[in-house]
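Peer 1:
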Amino acid sequence: MVRLLDDGELLVDEVFKDVFRFPPELTIDIWADQNRILSTKEASIAGRWKTSRTPYLREIMQCLSPSDPCQRVVLMGGTQVGKTEILVNSNGFAIDQDPCPVMNVFPNGTLAGDFSTQRLSSATENTPCLREKISEPRKRDSGNTIMRKEFPGGIIFIVTGNSEISLISRPIKKVNIDEADQYPGWTIPRAEERTTTFEPHCKIYIVGSPRKKSTSVLTNEYSLSDQRKYFIACPECETYQILVWENIKFDRDEHWNLASEVGYACIGCGTHIPEYKMKANMEERAEWRPQNKENGLFPGFHLPQFYSTLGDQLWERAVKKFLKWKKLKEEKNPMYVETKASWENDVLAEASEDEFGEATDWEVLYNRREDYSSENINKNILAIFMGVDVQGDRIEAQIIGVGLNYQIWVIEYMHFYGQITDPVIWANFDQCRLKTYNHPSGTMRILATGIDAGYKTDEVCEYVRTRQSSNSQHVYALKGSSLYYQPIASAPSKNKGIHLFSVGTDTAKDKINLFLKVPEPGPCYIHFPLTLPEEYFQQLCVEQKSKEWCPKERKYKDKWKNPNKARNEALDTLVYAIATLNIVRFLHFPNNDIQELLEYFARQVESPEKVRPASGGRMINEGERIE
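Okay, so the sequence shown: first residue is 156 according to my numbering, each after it adds one.
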């Protein structure tokens, strides 16, 4: 309303405030402090969001705010540092203060769906200023779906980065690319193209934990940025320093167990400081400092996990993870490679070296065959899996037994000849799939079967559909993905009425090649029976790892290639068998690793009565149908 002073003079600035209603000059962090409400679903402490609890996030959010002139921000961070909270706050700010088109990109549908339904929806439901602008999803035509959130003046898209279709034909002002090392090389350029309409006011946020050095987008982006590091003051001498792993001090016993309190050795005074004390008053005693000031308009942040304030005793957990891979390496367990890489990626927030090496000589494997048969399988086998490859005139299947520490026994390799369209070939295959094997604990059946659906897709999908509906053993349709970052088993997509699981074939081949190099029985060793012919081993070792120029992604990539296009079904079926094991873990033990799944199987073998998974997931019952 226009007000008049006592003398009748018009108060002009009041008119302007009422008519134009310019949004306040807020940054994302201040907005979150003033508005965002956390529920118990999101945080251990419900109530108002406080950036002061995670002070290292403040400057990142300020860079993502409209008042900062930068267009591009990268965060190379460890796990549990609050990367997702930045995404939530940035989206909330856009809804309330800066209405515009926003795109959030995730590696797969599971992560995209979780962000939408668990994080963003929770924030909008519990924060009043957001709740009034986002319609309830239950209302028809509300514009609020899992992958799309409409609000006055803007819209939020939630997409997967493995599909080019989801990244085109949309002008976008703000693009958030989560877990950037888990996409094809074209994902970021395609997403960036969507922002040209809004230049120079667009924002591109690239975030995640780095993976392999040879393919790491995050490492490359950070190297082009101003390379900010977080300096924290010693509570004893006030010396500012970055936290580095070498200065985290602890003792261990002869079994690689933690044997002391974990502390930090200050570079200034040498005092060993406990975690809680080092992180106390971080808001006042820490700051980001660029190390590459020439690129000041491209902020880049490196945030290892041991800076995090989102949890207790994180230093101790990081040390235990470090000691775990060190112990595995001392025991000559090849799984140390993956454990070490996970520690480097998730704790140090650094890319890891590729340590998988050249392919194995097939003759070495042929000469180490063992005298055992499928009639009576090894006592150390805990579960049996089948991997299947479908050709036009045959089905080839490999059956493996898996024991503790990922030790593998090839039990059988089978061929089923005939036209794939003929029901007889599938009936013959079923007889073998449903057979039982003699085990010292009793009899065992094949726990789960994975069938490649990349060829003869209709026939494979029909087979899987009918077997699932009859409550038979677990049968999964698989489709290989050669994207190097792909996990061995990912969340499935719906195809022809069934779930189709994506298999990271190059990742699986890395693991198999690592296992094949284990020289003697023990962890990760693969046993072969005398019945396997030379051709099996030739097929197993036919592919070679090499660098390949990818024009679409404009870079060299490490790929497993079959140079002479020779038969490789022995390798493919082993990939699918191991993928099937990983699918069982993914479905039933989502919060556990393979070793914990195998330990669960061991408890079942020792005690046939039903036991529950250690954490998360469901019991696997014989004949159970998985929806």
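Yeah, the Cβ is synthetic: ideal placement off N, Cα and C, and Gly gets one too.
What's the call for Ile-575, buried or exposed, on a 16-neighbour Cβ count within 10 Å?
Peer 2: On the sequence shown, position 420 is the one that residue 575 refers to. Per the 10 Å Cβ criterion, buried.
Peer 1: Going by other Cβ atoms of all chains shown within 10 Å of its Cβ, with 16 needed for buried, is Thr-591 buried or exposed?
Peer 2: Along the sequence shown, one-based indexing puts residue 591 at 436. So Thr-591 ends up on the exposed side.
Peer 1: For Asn-436, which residues from the same chain have a beta carbon less than 8 Å from its beta carbon, with the 5 sequence-adjacent residues on both sides left out?
Peer 2: Walking along the sequence shown from the start, residue 436 turns up at place 281. These residues qualify, in order along the chain: Pro-390.
Peer 1: Does the stretch 402-412 come within contact of the stretch 437-448, defined as at least 3 CB pairs closer than 8 Å?
Peer 2: Flag = no, the stretch 402-412 and the stretch 437-448 do not touch.
Peer 1: Going residue by residue through the stretch 220-286, where are the continuous alpha helix (DSSP H) segments of at least 4 residues, counting only ones entirely within it?
Peer 2: You should have 238-251, 264-269, 276-281, 283-286.
Peer 1: Over what stretch of residues does the beta strand (DSSP E) that includes Leu-458 continue unbroken?
Peer 2: By 1-based counting over the sequence shown, the position of residue 458 is 303. It spans 455-458 - the beta strand (DSSP E) in which Leu-458 sits, taken as one unbroken run.
Peer 1: If you run the structure through DSSP and keep just helix, strand and coil, what is Asn-717?
Peer 2: Your numbering for residue 717 matches position 562 in the sequence shown. If DSSP states are grouped into helix, strand and coil, Asn-717 belongs with coil.
Peer 1: Is Ile-359 closer than 8 Å to Thr-350 when the C-beta atoms are compared?
Peer 2: The residue you call residue 350 lines up with position 195 of the sequence shown. The residue you call residue 359 lines up with position 204 of the sequence shown. It is a contact, given that the beta carbons lie within the stated cut-off.
Peer 1: So, at 7 Å on beta carbons, what are the nonlocal neighbours of Thr-272 in its own chain, with the 5 sequence-adjacent residues on each side left out?
Peer 2: Locating residue 272 in the sequence shown gives position 117, where the first residue counts as 1. Cβ within range, chain order: Ile-301.
Peer 1: Taking the DSSP output, what are the residues bridged to Arg-549?
Peer 2: Within the sequence shown, residue 549 is the residue found at index 394, counting from 1. Arg-549 is bridged to Tyr-572.
Peer 1: Kindly identify the DSSP beta-bridge partner or partners of Asp-607.
Peer 2: As a working mapping, residue 607 is identified with position 452 in the sequence shown. According to DSSP, which records beta bridges pairwise, Asp-607 is partnered with Leu-633.
Peer 1: On the DSSP bridge list, what partners appear for Ile-200?
Peer 2: As a working note, residue 200 is residue 45 in the sequence shown. None, per the DSSP bridge assignment.
Peer 1: Just to check my reading of the structure: Val-260 and Ile-327 have Cβ atoms closer than 8 Å, yes? What is that Cβ distance to the nearest angstrom?
Peer 2: Numbered from its first residue, the sequence shown carries residue 260 at position 105. Numbered from its first residue, the sequence shown carries residue 327 at position 172. Contact doesn't hold; Cβ gap of about 10 Å is too wide.
Peer 1: In whole angstroms, give me the CA-to-CA distance for Ile-200 and Leu-465.
Peer 2: Locating residue 200 in the sequence shown gives position 45, counting from the first residue. Locating residue 465 in the sequence shown gives position 310, counting from the first residue. Distance between the alpha carbons of Ile-200 and Leu-465 is about 11 Å.
Peer 1: By how many angstroms is the C-alpha of Glu-551 removed from the C-alpha of Thr-604?
Peer 2: The residue you call residue 604 lines up with position 449 of the sequence shown. The residue you call residue 551 lines up with position 396 of the sequence shown. If I take the Cα positions, the gap works out to 12 Å.
Peer 1: Can you round the beta-carbon distance between Gln-750 and Asn-447 to whole angstroms, since I take them to be within the 8 Å contact cut?
Peer 2: Residue 750 sits at position 595 when you count from the first residue of the sequence shown. Residue 447 sits at position 292 when you count from the first residue of the sequence shown. About 41 Å separates the two Cβ atoms, so there is no contact after all.
Peer 1: I'd like to know whether the C-beta atoms of Lys-482 and Trp-411 end up nearer to each other than 8 Å.
Peer 2: Position 327 of the sequence shown holds residue 482. Position 256 of the sequence shown holds residue 411. Yes, these two residues count as a Cβ contact at 8 Å.
Peer 1: Please determine, among Glu-761, Lys-634, Gln-226, Glu-567, the residue with the shortest C-alpha to C-alpha distance to Ala-608.
Peer 2: For the purposes of this step, residue 608 is taken as residue 453 along the sequence shown, with counting starting at 1. Residue Lys-634 is the option with its Cα nearest to Ala-608.
Peer 1: Measuring CB atoms only, is the stretch 561-574 touching the stretch 680-699, in the sense that at least three cross pairs come out at less than 8 Å?
Peer 2: The answer is yes - the stretch 680-699 touches the stretch 561-574, with three or more Cβ pairs under 8 Å.
Peer 1: Mind checking which residues open and close the alpha helix (DSSP H) that includes Val-474?
Peer 2: Within the sequence shown, residue 474 is the residue found at index 319, counting from 1. Segment 469-485, the alpha helix (DSSP H) holding Val-474.
Peer 1: With a threshold of 16 other CB atoms inside 10 Å of the CB of Ser-463, please say whether the residue is buried or exposed.
Peer 2: Against the sequence shown, residue 463 aligns to sequence position 308. It is buried - the Cβ of Ser-463 has at least 16 other Cβ atoms within 10 Å.
Peer 1: Could you tell me which of Glu-449, Lys-664, Ser-645, Ala-504 sits nearest to Ser-657, measuring between CA atoms?
Peer 2: Translated into positions along the sequence shown, residue 657 becomes position 502. With distances taken between Cα atoms, Ser-657 lies closest to Ser-645.
Peer 1: Go to Leu-181, then tell me how far its alpha helix (DSSP H) extends in each direction, as first and last residue.
Peer 2: Position 26 of the sequence shown, counted from the first residue, corresponds to residue 181. Where Leu-181 is concerned, there is no enclosing alpha helix (DSSP H), given that its DSSP letter is neither H nor E.
Peer 1: Kindly list the residues whose CB is nearer than 7 Å to the CB of Glu-508, restricted to its own chain and excluding five residues on each side of it in sequence; keep chain order.
Peer 2: As a working mapping, residue 508 is identified with position 353 in the sequence shown. Hits under 7 Å: Lys-368.
Peer 1: Leaving out the 5 sequence neighbours to the left and right, which residues in its chain are closer than 7 Å to Leu-379 when beta-carbon positions are compared?
Peer 2: Translated into positions along the sequence shown, residue 379 becomes position 224. For Leu-379, where only same-chain residues beyond five positions count, the Cβ hits under 7 Å are Asn-450, Phe-453.
Peer 1: Under the three-state reduction of DSSP, which class applies to Thr-686: helix, strand or coil?
Peer 2: Locating residue 686 in the sequence shown gives position 531, counting from the first residue. Three-state DSSP puts Thr-686 in coil, outside helix and strand.
Peer 1: By the three-class DSSP mapping on this structure, what secondary structure does Tyr-618 have?
Peer 2: Start at 1 with the first residue of the sequence shown, and residue 618 comes out as number 463. Helix.
Peer 1: Whole-angstrom Cβ separation of Glu-376 and Ile-397, contact assumed at under 8 Å?
Peer 2: The residue you call residue 376 lines up with position 221 of the sequence shown. The residue you call residue 397 lines up with position 242 of the sequence shown. Actually they are not in contact, since the Cβ atoms of Glu-376 and Ile-397 sit about 20 Å apart, beyond 8 Å.
Peer 1: Rounded to whole angstroms, how far is the Cβ of Val-228 from the Cβ of Leu-242, which I believe are closer than 8 Å?
Peer 2: Position 73 of the sequence shown holds residue 228. Position 87 of the sequence shown holds residue 242. Incorrect: roughly 12 Å between the Cβ atoms, too far for contact.
Peer 1: Got a sec, what are the start and stop residues for the beta strand (DSSP E) Arg-303 sits in?
Peer 2: The residue labelled residue 303 in the question sits at position 148 within the sequence shown. Where Arg-303 is concerned, the enclosing beta strand (DSSP E) stretches over 303-306.
Peer 1: Hey, could you find the ends of the alpha helix (DSSP H) Ala-732 is sitting in?
Peer 2: Along the sequence shown, one-based indexing puts residue 732 at 577. Counting along the chain, the alpha helix (DSSP H) containing Ala-732 begins and ends at 724-743.
Peer 1: So Phe-584 is in the alpha helix (DSSP H); what residue range does that whole segment cover?
Peer 2: Here residue 584 refers to the residue found at position 429 of the sequence shown. Residues 578-588.
Peer 1: What is the residue span of the beta strand (DSSP E) that Ile-428 lies within?
Peer 2: The residue given as residue 428 occupies position 273 in the sequence shown. Residues 427-429.
Peer 1: Could you give the C-beta distance for Pro-344 and Ile-310, rounded to a whole number, given that I count them as a contact under 8 Å?
Peer 2: Taking the sequence shown and counting its residues from 1, one reaches residue 344 at position 189. Taking the sequence shown and counting its residues from 1, one reaches residue 310 at position 155. The Cβ separation is near 22 Å, so there is no contact.
Peer 1: Hey, quick one: how far does the beta strand (DSSP E) through Lys-358 stretch, first residue to last?
Peer 2: Residue mapping note: residue 358 aligns to position 203 of the sequence shown, counting from 1. 358-363 is the span of the beta strand (DSSP E), which, as asked, contains Lys-358.
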